[in-house]
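*Asks:* Residue numbers (the numbering used here): 9 to 324.
Quick reminder that beta carbons are idealized off the backbone N, C-alpha and C, glycines included.
Could you have a look at this structure, given as structure tokens, before my questions?
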């Protein structure tokens, strides 16, 4: 299996959001990629400037960041051809890698715009090198800019940033510094193309938590009535546990619950409600062991929200 580290540069509507194409808010202008073999040795590179079709004039912010001239863009490769060449170059067995979770959805959105989504069926497993850098060298939750990682690892700077191939090369160099086992065990899932059926649902077990990505439901209420969505299982032994804090919403997209395993203690579960492109809903549920303090914090949040809603009903 090869690692394909890629980076994109894109443009947006130069005349403001009200004039943008809703199906393509960001149009790809440049694709840069670096191929590494299983030993994470660099074996090849790929680069294409993409001729814009939707936003032919550069947005002023794009012009400030991206080092591409209008002449280069006008002489670029149309996206459908550039995408076909990119995936042909990727080969048969590969894992996509990016710096952060942003580029992969935009690649898929551009593919969908041209009716080419079959080039990259989802949900897509990929390596988020930004996240892996944080796990290896910093707090798991911290997310650093690429240039910060390059400086921290004292990697040579052979080009500028915000040039697709240069950024892909920097990201590849960072990837080479990460422990192989950590990379393989901590892959990410992109849900721009979410599961549609029960058979497509995703279950992933990491070292410290478990993730479940559901099929689509008509409503939020239907999702929260599903037995698999609302099940709370111990992360350590995978047994269903008694809920000590029932599922509740924080008023936004998140739902929380706490269970208690007789053997392993408290378990906390979080559901994030997501809207699919169809307008239906799917959930991403994470479950992990929790300390007594974490369990009490969630219980306190539950009690506060319940009291707040009771007061609102009373005064309403």
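Since residue 292 contacts residue 221 with CB under 8 Å, what's their CB separation in whole angstroms?
*Replies:* The residue given as residue 292 occupies position 284 in the chain shown. The residue given as residue 221 occupies position 213 in the chain shown. Right, their Cβ atoms sit about 5 Å apart.
*Asks:* Could you check where the alpha helix (DSSP H) with residue 238 kicks off and where it finishes?
*Replies:* The residue you call residue 238 lines up with position 230 of the chain shown. Note, residue 238: alpha helix (DSSP H), 235–238.
*Asks:* Among residues of its own chain, excluding the 5 on either side of residue 256, which ones have a beta-carbon nearer than 7 Å to its beta-carbon?
*Replies:* For the purposes of this step, residue 256 is taken as residue 248 along the chain shown, with counting starting at 1. Cβ within range, chain order: 263, 264, 310 and 313.
*Asks:* Quick check for students: name the residue ranges of the alpha helix (DSSP H) that lie wholly in the segment 204–246, counting only runs of 4 or more.
*Replies:* 228–231 and 235–238
*Asks:* Is it right to say residue 234 is buried, meaning 16 or more other beta carbons lie within 10 angstroms of its own, or is it exposed?
*Replies:* Translated into the one-based positions of the chain shown, residue 234 becomes position 226. By the 10 Å Cβ count, residue 234 comes out exposed.
*Asks:* Helix, strand or coil, according to DSSP, for residue 98 in the structure here?
*Replies:* What you label residue 98 is simply residue 90 of the chain shown in a count that begins at 1. Residue 98 falls in the helix class under three-state DSSP.
*Asks:* Which residues bound the beta strand (DSSP E) around residue 256?
*Replies:* Position 248 of the chain shown, counted from the first residue, corresponds to residue 256. Run containing residue 256: 250–257, per the beta strand (DSSP E) assignment.
*Asks:* Whether or not the segment 82–101 and the segment 50–67 are in contact is what I'm after, with contact meaning three or more pairs of Cβ atoms, one per stretch, closer than 8 Å; do they touch?
*Replies:* Yes: at least three Cβ pairs fall under 8 Å.
*Asks:* What separation, rounded to the nearest whole angstrom, lies between the Cα atoms of residue 13 and residue 103?
*Replies:* If you number the chain shown from 1, residue 13 lands on position 5. If you number the chain shown from 1, residue 103 lands on position 95. Distance between the alpha carbons of residue 13 and residue 103 is about 8 Å.
*Asks:* The ligand COA and residue 214: does any heavy atom of the ligand fall closer than 7 Å to the residue's C-beta?
*Replies:* Absent from the structure shown: the ligand COA. Ligands present: none.
*Asks:* Curious, which full-length beta strand (DSSP E) runs of at least 3 residues does the segment 267–292 contain?
*Replies:* 273–283
*Asks:* So residue 98 and residue 179 are supposed to be a Cβ contact under 8 Å. How far apart are they, rounded?
*Replies:* Against the chain shown, residue 98 aligns to sequence position 90. Against the chain shown, residue 179 aligns to sequence position 171. Their Cβ separation, rounded to whole angstroms, is 16 Å, which puts residue 98 and residue 179 out of contact at 8 Å.
*Asks:* Residue 243 and residue 290: beta carbons closer than 8 Å?
*Replies:* Residue numbering aside, residue 243 sits at position 235 when the chain shown is read from its first letter. Residue numbering aside, residue 290 sits at position 282 when the chain shown is read from its first letter. No.
*Asks:* Who does residue 134 pair with in a DSSP beta bridge?
*Replies:* Taking the chain shown and counting its residues from 1, the one referred to as residue 134 is at position 126. Partner(s): 104 and 196.
*Asks:* Please report the distance separating the alpha-carbon of residue 211 from that of residue 24.
*Replies:* As a position in the chain shown, residue 211 is number 203, starting the count at 1. As a position in the chain shown, residue 24 is number 16, starting the count at 1. Computed Cα separation, rounded: 40 Å.
*Asks:* Classify residue 263 as helix, strand or coil using the three-state DSSP reduction.
*Replies:* The sequence position of residue 263 within the chain shown is 255, counting from 1. In this structure, residue 263 counts as strand in the three-state DSSP scheme.
*Asks:* Can you pull the DSSP bridge partners for residue 34?
*Replies:* Numbered from its first residue, the chain shown carries residue 34 at position 26. The partner list for residue 34 (beta bridge, DSSP) reads 20.
*Asks:* How long is the line joining the alpha carbons of residue 259 and residue 77, rounded to whole angstroms?
*Replies:* Walking along the chain shown from the start, residue 259 turns up at place 251. Walking along the chain shown from the start, residue 77 turns up at place 69. About 46 Å.
*Asks:* Mapping DSSP to helix, strand and coil, what is residue 145?
*Replies:* For the purposes of this step, residue 145 is taken as the residue at position 137 of the chain shown. In this structure, residue 145 counts as helix in the three-state DSSP scheme.
*Asks:* Relative to the C-alpha of residue 108, which residue among 27, 183, 284 and 306 is closest?
*Replies:* Taking the first residue of the chain shown as 1, we reach residue 108 at position 100. Ranking the options by Cα distance to residue 108, first place goes to 183.
*Asks:* If I follow the unbroken alpha helix (DSSP H) through residue 71, where does it start and stop?
*Replies:* Walking along the chain shown from the start, residue 71 turns up at place 63. Start and end: 68–73.
*Asks:* Relative to the alpha-carbon of residue 195, which residue among 201, 203 and 213 has its alpha-carbon at the smallest distance?
*Replies:* For the purposes of this step, residue 195 is identified with residue 187 of the chain shown, where counting begins at 1. Answer by Cα proximity: 213.
*Asks:* Taking the alpha carbon of residue 283 as the reference point, which residue from 173, 227, 114 and 275 has its own alpha carbon closest?
*Replies:* Residue mapping note: residue 283 aligns to position 275 of the chain shown, counting from 1. Among 173, 227, 114 and 275, the Cα nearest to that of residue 283 belongs to 227.
*Asks:* Residue 298 and residue 278 - do their beta-carbons sit closer together than 8 Å?
*Replies:* The count along the chain shown starts at 1 and reaches residue 278 at position 270. The count along the chain shown starts at 1 and reaches residue 298 at position 290. Against a cut-off of 8 Å, the Cβ pair of residue 298 and residue 278 comes out as no contact.
*Asks:* In whole angstroms, what is the alpha-carbon distance linking residue 18 and residue 38?
*Replies:* By one-based count along the chain shown, residue 18 stands at place 10. By one-based count along the chain shown, residue 38 stands at place 30. Approximately 7 Å between the Cα atoms of the pair.
*Asks:* Tell me which residues share the same chain as residue 11 and place their Cβ nearer than 6 Å to its Cβ, disregarding the 5 neighbours each side in the sequence.
*Replies:* Position 3 of the chain shown, counting from 1, holds the residue named residue 11. Contacts found: 44, 103 and 105.
*Asks:* Looking only at DSSP bridge pairs, what is residue 54 linked to?
*Replies:* Position 46 of the chain shown holds residue 54. BP columns for residue 54 point to 41.
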